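J.:
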Amino acid sequence: MLKNTSLSVPRKDHFGLASFPNHDISSGQTVHTDTNHATTNSAPVRLSINELPYDILVLIFDLVSHRDSCQATPRNYLTSENNTPPAAFLGDPAILSQVCSYWRQTAIHIPSLWSFIVIRPLLGPEGLAKAVARWQLYVKRSGSSLLDIHIIDTAVTKCVWGAFEFHEPPPSDARLFTLIEAIAPRTQRLVFWSRCPCYHNGFPRDMIATFLRSCVPSVLKVLSVHVYPIPGIRNMGPCTLTSEAGGPFDDKLQRLLDSVVILDVDGYYPSIPSKAYYGLVELRLQASRTDDMTVEEFYLIRIIESSPGLRVLEFDLRVNDMEDEDSLDPLFRPIHLDDLQVVILGRNPRKYLGNILRWLFPGPKPLSLSICSPYERGAPDLDFFTQHETQKFIARSNVTRLGLHSVGNSMQLAHLLKMAPNVEVLAIDAVTNVPANADLLPKPQRWLDSLYVIPSSYTSPPSRENVQWFVQTYGVRNLTVWSKDFEFDGVFGEEAMGDHSARYPVINVKAGEPNPVAEWY
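Numbering-wise, the sequence shown is residues -7 to 513 according to my numbering.
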């Protein structure tokens, strides 16, 4: 059955795992099993869509309406047929309510189904007026449920052959701001996504400020603000976390930010010091512009120390005062994070992985580690897995899931898996050619339970031969690929991998589904 609210998040003074169950990465997989035995002695039962049990229908509605789009997006943004963006998944509950009268009555009377509201300001005066009326209806149908609000503004209509067509930032529509002021006090999760410039007053800065000023402390638990750059346009204003970079994040909002337990920001940050960084269970600090966003090591340490119950740490900013590993001060205080389960270090800090990892001392819980190759064009390939501090971190952690970005060296990968013998799941975006000296590779200490071959804009798509060699070498039991990668071979993904099904019985081909490893890769 559904919960009374759309989210279940703990208070900052409570870090119980019951509120944050582990993600089951296999929940979205297509598992091929033998069903002959189960169906031998039973006749098939078929129900029409208007005869499904109420509880089952409620669960289906909730799963369908609250699906996130796939974050492992295809390599090409446009489809090859008509140069248009791929169709988004239609999970609007209003669509579900139009199937039949039974579905309609069921959907209308599920408040939590309507608590997930996506607001798109870039609709024009006429379209926005209709949309505001629809959003108000959703709020009414949500009853007393707490709200999960997503404000999405792309500012880019399409991209053809590298040329972008832009919309001007939307004007400050009074109806939209009135709606925001009305729903903000009930908002438990706020996700703001924009490509509009925010280094000056106006949208989206005013919208973020209006929303946060109207939110209620102890109600808002999840804050996600992503302001992505439009190519060629500087859109982030002050570019250091130590500055007053977050216009609306002023002293008046510290009590509100103190109630946030999940903070996910990219391009728009609370200033330091701020209570927004205290008592978190999930922290994601990202930067789309690699040259702009920096943080000093001192402040990074303070941020991590302020959340001893941290479960997820994603960091993708440049550290501007990081020393070489050989010159590190031996007198440092380890940060013990007993609940830590996910560590993601992006491309910006990739040259100093050991420097960052040396501070982190996870507990015994299974850990997902995602890292990038430190290779830069024109620079030598740094063997990050040979760095002393990186080795020590892996040795003191129970790494069971490993995510690798742009790591295409088979020898590096083999040694890394040898260092982390407990790895059961591997997600990788660079399946290299079969090495000539494959016999010299270190033998794996255990077979991999699952392999995810992730689409990437940084590497070439893998060949079926390379994937097959990898599966054989590491005894992969569950293989997941994305169909877009195998369209480059002129064969659709399911057909391309179909000849492997006899030897490897579990093969999953993803298209636009939610990415099963997005939370930790």
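Don't be surprised by glycine CBs; every beta carbon is placed ideally from N, CA and C.
These numbers come from a predicted model, not from an experiment.
Could you tell me whether the Cβ atoms of Pro103 and Ser57 are closer together than 8 Å?
T.: No, the pair does not count as a contact, with Cβ atoms beyond the cut-off.
J.: Helix, strand or coil for Pro360, going by three-state DSSP, please let me know.
T.: Sequence inspection shows Ser at residue 360; the Pro mentioned does not correspond to that position. In this structure, Ser360 counts as strand in the three-state DSSP scheme.
J.: Counting Cβ pairs closer than 8 Å, one from the segment 460 to 471 and one from the segment 437 to 447, do we hit at least three?
T.: Yes: the two stretches touch, three or more of their Cβ pairs being nearer than 8 Å.
J.: From this set, Val334, Val415, Ser455 and Trp461, which residue's C-alpha is nearest Ala428's C-alpha?
T.: Comparing Cα positions, the closest option is Trp461.
J.: What residues in its chain sit with their C-beta under 6 Å from that of Pro515, if we drop five residues either side in the sequence?
T.: One cannot answer for residue 515 here, as it falls past the ends of the chain, which runs -7 to 513.
J.: Could you tell me which whole alpha helix (DSSP H) segments of length 4 or greater appear in the segment 398 to 468?
T.: Counting whole runs of 4 or more residues, the segment 398 to 468 contains the alpha helix (DSSP H) stretches 402 to 411 and 456 to 465.
J.: With distances taken between CB atoms, is the gap from Val399 to Ala430 smaller than 8 Å?
T.: No, the Cβ-Cβ distance between Val399 and Ala430 is not below 8 Å.
J.: Have a look at Gln97, Val37 and Leu39 and flag the residue whose alpha-carbon is nearest the alpha-carbon of Phe53.
T.: Nearest C-alpha to Phe53: Gln97.
J.: Checking 8 Å against the spacing of the C-beta atoms, do Ser137 and Phe184 come in under that value?
T.: Cβ atoms of Ser137 and Phe184: not closer than 8 Å.
J.: My guess is that Leu182 and Ile141 are in contact by the Cβ rule of under 8 Å, so how many angstroms apart are they, rounded?
T.: Their Cβ separation, rounded to whole angstroms, is 5 Å, which keeps Leu182 and Ile141 in contact under 8 Å.
J.: Using C-beta distances below 6 Å, list every residue in its chain close to Ile336, excluding the 5 sequence neighbours before and after it, in chain order.
T.: If we look at Ile336 and ignore the five residues flanking it on each side, its Cβ neighbours are Glu306 and Ser362.
J.: Does Trp543 come out as helix, strand or coil in the three-state DSSP assignment?
T.: Outside the displayed range of the chain (-7 to 513) lies residue 543, so it cannot be described from this structure.
J.: What does the alpha-carbon distance come out to for the pair Tyr269 and Ser299?
T.: If I take the Cα positions, the gap works out to 7 Å.
J.: Measuring only the C-alpha atoms, how far is Pro453 from Tyr344?
T.: Each residue's alpha carbon lies about 28 Å from the other.
J.: Less than 8 Å between the beta carbons of Leu352 and Leu329, yes or no?
T.: Result yes, Cβ atoms of Leu352 and Leu329 sit closer than 8 Å.
J.: What are the boundary residues of the alpha helix (DSSP H) that Arg247 is part of?
T.: It spans Gln246 to Asp250 - the alpha helix (DSSP H) in which Arg247 sits, taken as one unbroken run.
J.: Which of helix, strand or coil does DSSP assign to Asn312?
T.: Three-state DSSP puts Asn312 in coil, outside helix and strand.
J.: Got a sec, what are the start and stop residues for the alpha helix (DSSP H) Ile175 sits in?
T.: Unbroken alpha helix (DSSP H) run through Ile175: Ala166 to Ile175.
J.: Use the C-beta contact count for Asp47: other C-beta atoms within 10 angstroms, 16 or more gives buried, fewer gives exposed.
T.: Asp47 is exposed by the Cβ-count criterion.
J.: Between the Cα of Trp95 and those of Arg247, Leu51, Val463 and Glu288, spot the shortest distance and give me the residue it belongs to.
T.: Trp95 has its Cα closest to that of Leu51, out of Arg247, Leu51, Val463 and Glu288.
J.: Taking Arg276 as part of the beta strand (DSSP E), name the residues at either end of that continuous run.
T.: Here the beta strand (DSSP E) through Arg276 covers Glu274 to Gln278.
J.: Using CA atoms only, rank isn't needed, just tell me which of Val37, Ala99 and Lys384 is closest to Leu49.
T.: Here the closest residue by C-alpha is Ala99.
J.: Please return the same chain residues whose Cβ sits closer than 7 Å to the Cβ of Ser235, not counting the five positions on each side in sequence.
T.: With a pLDDT of 36 at Ser235, under the threshold of 50, the modelled position of that residue is not reliable, and the figure given next carries that caveat. Cβ neighbours of Ser235 beyond the five flanking positions: Ser263.
J.: How many angstroms separate the CA atom of Asp271 from the CA atom of Asp250?
T.: Note that residue 271 corresponds to Gly in the displayed sequence, not to Asp. In a straight line, the C-alpha of Gly271 is about 8 Å away from that of Asp250.
J.: Can you tell me the Cα-Cα spacing of Val131 and Ser107, whole angstroms?
T.: Approximately 7 Å, taken between the alpha carbons.
J.: Can you tell me whether DSSP reads Gly224 as helix, strand or coil?
T.: At Gly224 the pLDDT is 49, less than 50, meaning the model places this residue with poor confidence and gives no usable figure here.
J.: Among the residues of its own chain, which have a CB less than 8 Å from the CB of Ala387, if the five just before and after it don't count?
T.: Hits under 8 Å: Met411.
J.: Per DSSP, what kind of secondary structure is Gln383 in: helix, strand or coil?
T.: Note: Gln383 maps to helix in three-state DSSP.
J.: According to the neighbour-count rule (16 or more other Cβ atoms, all chains shown, within 10 Å of its Cβ), is Lys213 buried or exposed?
T.: Burial call: buried.
J.: Between His218, Ile175 and Arg187, which has its C-alpha nearest Val211's C-alpha?
T.: For the residues His218, Ile175 and Arg187, the minimum Cα distance to Val211 belongs to Ile175.
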